[in-house]
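Novice:
In UniProt numbering, the protein residues as written are 1 to 484.
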């Protein structure tokens, strides 16, 4: 960058001029403009007598003066409308769509939100821009739908938003395909981020539209063993980009660990987080806020589940080892102190300050869910059906305490699903229905609607039977669902 950027000059701070966007803008979440951006105004002029006056208001009878429009004019207006829609999402940092996406997929929104850095990068990368626009447009469509009716209304705004969402998604996938065919673009951070955002888009659309393929692709590009990836890592692209890589790696680990509990065994490859970039656990840069300690435990339990489901034969001593090891893991989960975890998290200047007690409750919901999951795996190893009614009641009470916390409630679909798979009594099922509807109202993610249908179907088919085998059956529903 030869000259200081317009944004830093406007903010009256010294621009580092190291790259575009500059590090200071990317870190602060501002859009980095090289020069003064275009300003869209109402009316014919920005000042003077014609300020705020449009041709429509000056015309006494627009219908009389209107001339027949050609077909090409219509298509031009359609293209202009799409371009204006794109500009409104990306150019305005205060836009509702931009803000809702940044807050939806992070526990606590702040100026250190990695998604804000992605928004800045999107201004410089066409494919990443299309992924961001697809997310924003789909969320705008979902805001006008209800839990029981996803029909897109014939209203112009919702129809346009739906058309935008489909078009931007198609363009993003096309751009990713082209980037993957180019050795230079394949391992760009923007390409990895574009693929990763398609996983979030799947949560908004259904929860079963190739999210696992997108996740595997992003993991492959982040693998440090790839020569191209190592070359990119050696390139000095600034601390913000390094933070972005760490964010992507940690969230992939979280998504595949929790998502892997509800899919076919070994559908997902195991991402080697320890071999990849190291990161500091923070809720200001986390999608779900599940403690890393519990993620590691859940990952181990899923590996044991996959062992049971496989056709591989093991001798008695090996099974005894599995039982002993799984019992020890459940004990480790039981000993996890949620309050210590919540109080020891690094503070990144969240405004308003986060509530440590609520974070403790969030961790508790994942802890109890992990205990239930672990005991179901242990029961499959020992061929016993362990009674878990007390744990289930504790989990339902924990979820109830988070209902009024907008920041944290959007993070607990996984514990809600665990509760739904376990509950037998009608009052428990009514509570789970309420929790799922509340989750929809706060997130507008369609995957919770499909999760509700899956749970309702299970209640009808398995009514009165023991719930112990759901750890195997939940992954064989004909589609691979991301229920987090």
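Virtual Cβ for every residue (Gly too), placed ideally from N, Cα, C.
Could you tell me whether the stretch 151 to 164 touches the stretch 187 to 200, where touching means 3 or more Cβ pairs closer than 8 Å?
Specialist: The stretch 151 to 164 vs the stretch 187 to 200: no contact.
Novice: Can you check the stretch 308 to 391 for any alpha helix (DSSP H) of at least 4 residues that lies completely inside it and give the ranges in chain order?
Specialist: 316 to 335, 338 to 344 and 356 to 382, all fully within the stretch 308 to 391.
Novice: Taking the alpha carbon of residue 131 as the reference point, which residue from 140, 2, 183 and 119 has its own alpha carbon closest?
Specialist: The shortest C-alpha separation from residue 131 is found at 119.
Novice: DSSP three-state label for residue 194, please.
Specialist: Looking at residue 194 - three-state DSSP - the assignment turns out to be helix.
Novice: Once you ignore the five residues that flank residue 386 on each side, which residues in its own chain have a CB closer than 8 Å to its CB?
Specialist: Counting only Cβ-Cβ distances below 8 Å, and skipping sequence neighbours, we find 375, 376, 378, 379 and 468.
Novice: Applying the criterion that 16 or more other CB atoms from any shown protein chain within 10 Å of the CB defines a buried residue, is residue 181 buried or exposed?
Specialist: By the 10 Å Cβ count, residue 181 comes out exposed.
Novice: Give every residue of the same chain whose Cβ lies closer than 6 Å to the Cβ of residue 396, excluding the five residues on either side of it in the sequence, and list them in chain order.
Specialist: So the qualifying residues of the chain are 419 and 431.
Novice: Residue 153: buried (16+ other C-beta within 10 angstroms of its C-beta) or exposed?
Specialist: It counts as exposed.
Novice: Indicate whether residue 101 and residue 136 have their beta-carbon atoms separated by less than 8 Å.
Specialist: Yes, the pair counts as a contact, with Cβ atoms nearer than the cut-off.
Novice: In three-state DSSP terms, what is residue 146?
Specialist: Three-state DSSP puts residue 146 in a strand.
Novice: Tell me the rounded alpha-carbon separation between residue 30 and residue 195.
Specialist: Straight-line Cα distance between these residues: approximately 23 Å.
Novice: Give me the residue from 382, 437 and 286 with the minimum Cα distance to residue 246.
Specialist: Looking at the Cα atoms, 286 is the closest of the given residues.
Novice: Measure the alpha-carbon distance for residue 388 versus residue 290 and round it to whole angstroms.
Specialist: One C-alpha to the other measures close to 22 Å.
Novice: On the CB-based measure, 16 or more other CB atoms within 10 Å of its CB, does residue 474 come out buried or exposed?
Specialist: Its Cβ being crowded by 16 or more others within 10 Å, residue 474 is buried.
Novice: Where does residue 426 land, buried or exposed, given buried means 16+ other C-beta within 10 angstroms?
Specialist: So residue 426 counts as exposed.
Novice: Run through DSSP, which three-state label would residue 440 get?
Specialist: Three-state result, residue 440: helix.
Novice: Excluding the five sequence neighbours on either side, which residues of its own chain have a C-beta within less than 8 Å of the C-beta of residue 175, listed in chain order?
Specialist: Closer than 8 Å at the Cβ level, and outside the excluded window around residue 175, lie 126, 127, 130 and 194.
Novice: Taking its Cβ as the centre, do 16 or more other Cβ atoms sit within 10 Å of residue 18, making it buried, or is it exposed?
Specialist: It is exposed - the Cβ of residue 18 has fewer than 16 other Cβ atoms within 10 Å.
Novice: Once the 5 residues before and after residue 221 are set aside, which same chain residues still bring their CB inside 8 Å of it?
Specialist: Around residue 221: 186, 187, 191, 192, 195 and 229.
Novice: Rounded to whole angstroms, how far is the Cβ of residue 107 from the Cβ of residue 423, which I believe are closer than 8 Å?
Specialist: About 26 Å separates the two Cβ atoms, so there is no contact after all.
Novice: When you compare only the Cα positions, how much space is there between residue 373 and residue 178?
Specialist: Spanning the two alpha carbons is a distance of roughly 41 Å.
Novice: Quick one: using the 10 Å Cβ neighbour count with 16 as the cut-off for buried, is residue 114 buried or exposed?
Specialist: Residue 114 is buried by the Cβ-count criterion.
Novice: Check each candidate in 21, 399 and 307 and name the one with the smallest Cα separation from residue 265.
Specialist: Checked all of 21, 399 and 307; the closest Cα to residue 265 is 307.
Novice: From the DSSP output, in three-state form, read off residue 267 for me.
Specialist: In this structure, residue 267 counts as coil in the three-state DSSP scheme.
Novice: For the putative contact between residue 365 and residue 398, defined by C-beta atoms under 8 Å, what is the C-beta separation to the nearest angstrom?
Specialist: So it is a contact: roughly 5 Å between Cβ atoms.
Novice: Alpha carbon to alpha carbon, how far is residue 208 from residue 262?
Specialist: Near 12 Å, if we compare the C-alpha coordinates of residue 262 and residue 208.
Novice: What is the DSSP secondary structure of residue 141, reduced to helix, strand or coil?
Specialist: Note: residue 141 maps to helix in three-state DSSP.
Novice: With DSSP run on the structure shown, which of helix, strand or coil describes residue 446?
Specialist: Coil, per DSSP.
Novice: Using only the alpha-carbon positions, how far apart do residue 321 and residue 460 sit?
Specialist: Residue 321 and residue 460: Cα-Cα distance of roughly 37 Å.
Novice: Closest to residue 384 by C-alpha separation, out of 323, 390, 429 and 339, would be which residue?
Specialist: The option with the nearest alpha carbon to residue 384 is 323.
Novice: Quick check on residue 214: buried or exposed, where buried means 16 or more other Cβ atoms within 10 Å of its Cβ?
Specialist: Per the 10 Å Cβ criterion, buried.
Novice: Can you tell which of 105, 5 and 6 has its C-alpha closest to the C-alpha of residue 406?
Specialist: When only C-alpha atoms are compared, the closest one is 105.
Novice: Which residue comes first and which comes last in the alpha helix (DSSP H) that contains residue 211?
Specialist: 211 to 222 is the span of the alpha helix (DSSP H), which, as asked, contains residue 211.
Novice: Just how far apart, CA to CA, sit residue 444 and residue 172?
Specialist: Answer to the nearest angstrom: the Cα atoms are 22 Å apart.
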